[in-house]
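Below: one structure, written as structure tokens.
Protein chains in written order, with the working numbering: chain A, 32 to 152; chain B, 194 to 444.
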């Protein structure tokens, strides 16, 4: 699971209010290089919840992102770090934890399992 | 000698597992529909594409391959499935073709709806469409790939409001159905949500009559929408559309 996906995931248990972002507990992180694309990154910059990305990256062992992203769209060094954090870090094994309920969603072989039990729907 | 890159997924490179639905006539028909719409899709310049119910990964892999030559790095692909084994098989199929998508195990798109509302530009679905008893719907394992409950519509009908929430203003939705699913009703339900529709592919195999539909947002003024979506007139409009489609595209 990459951070671009983590930034889209919410806890889907019935009745939960504080459902985003999920806390990451990382057991195995892998880096896979991806081609850099400026247009794609600018597009994502507008959609990403920045704090969730920064905290998520830290959980995966990457602390290079600045706390704020304003006015950095043309900064090459910033964009490279953004690219790396968003697209190149993979959580292979671990879990995503709901901040409100503590419910753990496992991540196995890079795939988060967000399936709910019957009583959670 | 130049090697032409594959236009769609190579069946020999699609991974498999006994509890995961293997590509079949329905999958091939859906990919044929995407292939027929390839130029439109490329010109549409989607940013985010999603398959709901990726199974073996045959369809999402094909979608990526047919957009890749002209849109190499600008598109983000997502795939969901309720079966963790399908997620694994899809990962293997994607990897075997040298392409990438992010896969999530979830029911339809339940953990993504909030953050992705109004953001998805292309949604592709080959749903569990086989008419079965209601209790067979959503059972663990491979049966969840086909069990569709009454008229095969249990899962389809749950998906439509989700698709409406997820699709962007310019979003397109490709849905595979059987004539047994009463696709006219599906089109009517979507029309009432402000979607236009057309039949992309119609194919009769030995066992099934497949109808692949494409939907896009096309809000009309209230009055004509009310007139247009009166059930009787709509049913006959759909019937006419299907007949004329069959005549033009016989087998």
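We put the CB at the ideal spot given by N, CA and C, even for glycine.
Being a predicted model, the structure only gives us computed values, none of them experimental.
Outcome for residue i when other beta-carbon atoms lying within 10 angstroms are tallied against a minimum of 16
i	result
residue 83(A)	buried
residue 61(A)	exposed
residue 207(B)	buried
residue 370(B)	buried
residue 407(B)	buried
residue 398(B)	exposed
residue 73(A)	exposed
residue 374(B)	buried
residue 150(A)	exposed
residue 204(B)	exposed
residue 411(B)	exposed
residue 276(B)	buried
residue 444(B)	With a pLDDT of only 41 at residue 444(B), under 50, the local geometry of the prediction cannot be trusted, and the value read off the model is given with reservation. That one is exposed.
residue 152(A)	exposed
residue 266(B)	exposed
Selection from the options that minimises the alpha carbon distance to residue i
i	options	result
residue 52(A)	390(B), 304(B) and 334(B)	304(B)
residue 365(B)	373(B), 351(B) and 387(B)	387(B)
residue 216(B)	283(B), 394(B), 230(B) and 241(B)	283(B)
residue 88(A)	119(A), 106(A), 74(A) and 77(A)	119(A)
residue 67(A)	247(B), 268(B), 394(B) and 202(B)	268(B)
residue 63(A)	360(B), 350(B), 376(B) and 292(B)	292(B)
residue 202(B)	236(B), 218(B), 257(B) and 230(B)	257(B)
residue 503(B)	250(B), 301(B), 358(B) and 214(B)	Nothing about residue 503(B) can be read from this structure; chain B reaches only from 194 to 444.
residue 338(B)	310(B), 323(B) and 352(B)	323(B)
residue 133(A)	49(A), 36(A) and 34(A)	49(A)
residue 99(A)	92(A), 86(A), 91(A) and 90(A)	86(A)
residue 343(B)	232(B), 328(B), 423(B) and 286(B)	328(B)
residue 220(B)	299(B), 298(B) and 319(B)	319(B)
residue 423(B)	286(B), 233(B) and 382(B)	382(B)
residue 250(B)	336(B), 232(B), 211(B) and 281(B)	281(B)
residue 262(B)	310(B), 271(B) and 234(B)	234(B)
residue 314(B)	211(B), 402(B), 346(B) and 358(B)	358(B)
residue 352(B)	372(B), 299(B) and 403(B)	299(B)
residue 228(B)	239(B), 252(B) and 210(B)	252(B)
residue 33(A)	59(A), 103(A), 95(A) and 148(A)	59(A)
residue 259(B)	403(B), 237(B), 222(B) and 199(B)	199(B)
Under the three-state DSSP convention, the category residue i falls into
i	result
residue 390(B)	strand
residue 444(B)	Residue placement at residue 444(B) is flagged as unreliable, the pLDDT there being 41, under the threshold of 50; the coordinate-derived value follows with that caveat. Coil, per DSSP.
residue 374(B)	helix
residue 261(B)	coil
residue 86(A)	helix
residue 144(A)	strand
residue 271(B)	strand
residue 65(A)	coil
residue 93(A)	coil
residue 320(B)	coil
residue 71(A)	helix
residue 402(B)	strand
residue 216(B)	coil
residue 363(B)	strand
residue 314(B)	strand
residue 426(B)	helix
residue 412(B)	coil
residue 397(B)	strand
residue 45(A)	coil
residue 206(B)	helix
residue 112(A)	helix
residue 50(A)	coil
residue 256(B)	helix
Enclosing beta strand (DSSP E) for residue i [first to last residue]
i	result
residue 55(A)	54-62
residue 243(B)	241-245
residue 138(A)	135-139
Terminal residues of the alpha helix (DSSP H) in which residue i lies
i	result
residue 340(B)	Careful: residue 340(B) lies outside any alpha helix (DSSP H) and carries neither H nor E.
residue 128(A)	Here residue 128(A) belongs to no alpha helix (DSSP H); instead the beta strand (DSSP E) covers 120-128.
residue 358(B)	347-359
residue 235(B)	231-237
residue 296(B)	Looking at the DSSP string, residue 296(B) is not in any alpha helix (DSSP H); the run it does join, the beta strand (DSSP E), is 295-298.
residue 308(B)	306-309
residue 281(B)	277-289
residue 37(A)	34-37
CB of residue i within 7 Å of CB of residue j, strictly
i	j	result
residue 308(B)	residue 145(A)	no
residue 400(B)	residue 317(B)	no
residue 428(B)	residue 377(B)	yes
residue 274(B)	residue 247(B)	yes
residue 57(A)	residue 90(A)	yes
residue 126(A)	residue 138(A)	yes
residue 213(B)	residue 278(B)	yes
residue 438(B)	residue 380(B)	no
residue 434(B)	residue 392(B)	yes
residue 254(B)	residue 286(B)	yes
residue 272(B)	residue 294(B)	yes
Residue-level contact to chain E via CB, residue i, 7 Å cutoff
i	result
residue 71(A)	Checking the listed chains, one finds no chain E in this structure; the protein chains it contains are A and B.
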